[in-house]
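K.L.:
In case it helps, mature numbering (1 follows the signal peptide of the UniProt record, and there is no 0) puts the sequence shown at residues -32 to -1, 1 to 172.
Think of the CB as a built atom: it goes at the ideal place given N, C-alpha and C, for glycine as much as any other residue.
Below you'll find the structure I mean.
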Amino acid sequence: MKLNKQVARIGLSVSAALAAASAVAFTAPATAATAASAASSPASVAMSSASTGSTGVPSLLSRQARSDAELRDQIALQMKIAPGGKQTSINEVSYNNGKFVVTYALPGQRALGVADCPAGWFCFYQDINFGYPRGKLSDCGWQDLRTYGWGNRISSADNSIDFSAIDYYDINYVNLFTNYNPGAISYVGDAANDKAVFVDRVWC
C-alpha cells in the first residue's frame, strides 16, 4: 500500500514538472514577440521626422540636416515625394535631365542670407532671406511645382535670367507675385508665403 502511494506521489510530481515546462514553452514565444514589438518602436519614432507640417511638407525637408546621415535621408525623401529624380551630388537631386534641380543645405553650412541663383536660372527658396533648400528652373512656360515636390514651399525667390519675368500662382491660378530680373525677393509676403503651386516664365 505504501509503495502504491509513493508511486502515486512520483506520478504527481512528474505531472507537475511537465505542466511547468509546458507553461514555460508557451510563454517564451509571447515574450519574444513582446521583445520584437519593443525593438520595432524606435523605427516608429524615426518615422516621425517625416511627418508633415502645416504646409503639408515633410518636416525633415523643412530644416537643415544636422548630420550626413540626415542629409541622405532628406535626399531619399525628396526622391520619394517627387519620383523621377536623380541624385547628382551629395546634396542635390535633378529632374528632367537637369531642367529642375533642388539643393539642400550641407550640415553645418552657414546661411548667407543672400540670393545665389546662378545666371540663366530662376530660383525659389523654402525660407525667407533665401534659406535652403533651393529649387531652380530655367524652362519657359507654365509648370506645376508639385511635380518636383515644391508646391506650397516658397518664401523667397530670385531671377537670374536676363529679359525674363517669372509669375507665381496659387492653387486657384491667382497671381501671387512676379519676380523680374534683376530683383531678388527676400520675402514674398504674408499673402503669398507657402502658397505658390504654379510658375510661368514669360518673355522667353
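With Q111 as the anchor, note down where its beta strand (DSSP E) starts and where it stops.
P.N.:
Segment 109 to 112, the beta strand (DSSP E) holding Q111.
K.L.:
Just to confirm my understanding: we take V170, look at its own chain, exclude 5 residues before and 5 after, and list those with CB closer than 6 Å. What are they?
P.N.:
Correct list, in chain order: A133.
K.L.:
When the Cβ atoms of the region 33 to 46 are set against those of the region 122 to 133, are three or more pairs found closer than 8 Å?
P.N.:
The region 33 to 46 vs the region 122 to 133: no contact.
K.L.:
Starting from R102, trace the beta strand (DSSP E) both ways and give me its first and last residue.
P.N.:
First-last of the beta strand (DSSP E) with R102: 99 to 105.
K.L.:
For S30, does the three-state DSSP call read helix, strand or coil?
P.N.:
The answer is helix: DSSP assigns S30 an H, G or I state.
K.L.:
Given a cut-off of 8 Å, decide if S57 and N97 are closer than it, judged by their beta-carbon atoms.
P.N.:
No, the Cβ-Cβ distance between N97 and S57 is not below 8 Å.
K.L.:
May I have the straight-line CA-CA distance separating I129 from F90, to the nearest angstrom?
P.N.:
C-alpha separation (whole angstroms): 7 Å.
K.L.:
Taking Cβ to Cβ, would you say S106 is nearer than 8 Å to K54?
P.N.:
No, Cβ-Cβ distance for S106 and K54 is not below 8 Å.
K.L.:
Write down the C-beta distance between A164 and D138 rounded to the nearest angstrom, noting that I regard them as a contact closer than 8 Å.
P.N.:
Confirmed, Cβ separation roughly 7 Å.
K.L.:
Helix, strand or coil for A160 per DSSP?
P.N.:
It is coil, neither helix nor strand.
K.L.:
Taking the straight line between their C-alpha atoms, what separation do you get for C108 and V156?
P.N.:
Each residue's alpha carbon lies about 21 Å from the other.
K.L.:
With a 10 Å radius around its C-beta and 16 neighbouring C-beta atoms as the bar for buried, classify Q32 as buried or exposed.
P.N.:
That one is buried.
K.L.:
Does A18 come out as helix, strand or coil in the three-state DSSP assignment?
P.N.:
Residue placement at A18 cannot be trusted, given a pLDDT of 41 that sits under 50; the coordinates are not used to answer.
K.L.:
Are the CB atoms of D36 and P75 within a distance shorter than 8 Å?
P.N.:
Yes. Within cutoff.
K.L.:
Could you check whether the Cβ of V156 sits closer than 7 Å to any heavy atom belonging to the ligand NAD?
P.N.:
In the structure on display, the ligand NAD does not appear, and there are no ligands present to speak of.
K.L.:
Rounded to the nearest angstrom, what separates Y116 and G88 at their Cα positions?
P.N.:
Using only the alpha carbons, I get a separation of about 19 Å.
K.L.:
On the DSSP letters alone, give me the boundaries of the beta strand (DSSP E) that Q55 sits inside.
P.N.:
First-last of the beta strand (DSSP E) with Q55: 54 to 57.
K.L.:
Roughly how far, in whole angstroms, is the beta-carbon of D84 from the beta-carbon of I122, given that I think they are within contact range, below 8 Å?
P.N.:
No, D84 and I122 are not in contact; Cβ-Cβ is about 16 Å, not under 8 Å.
K.L.:
Just to check my reading of the structure: V70 and G103 have Cβ atoms closer than 8 Å, yes? What is that Cβ distance to the nearest angstrom?
P.N.:
The pair is a contact, with the Cβ atoms about 5 Å apart (cut-off 8 Å).
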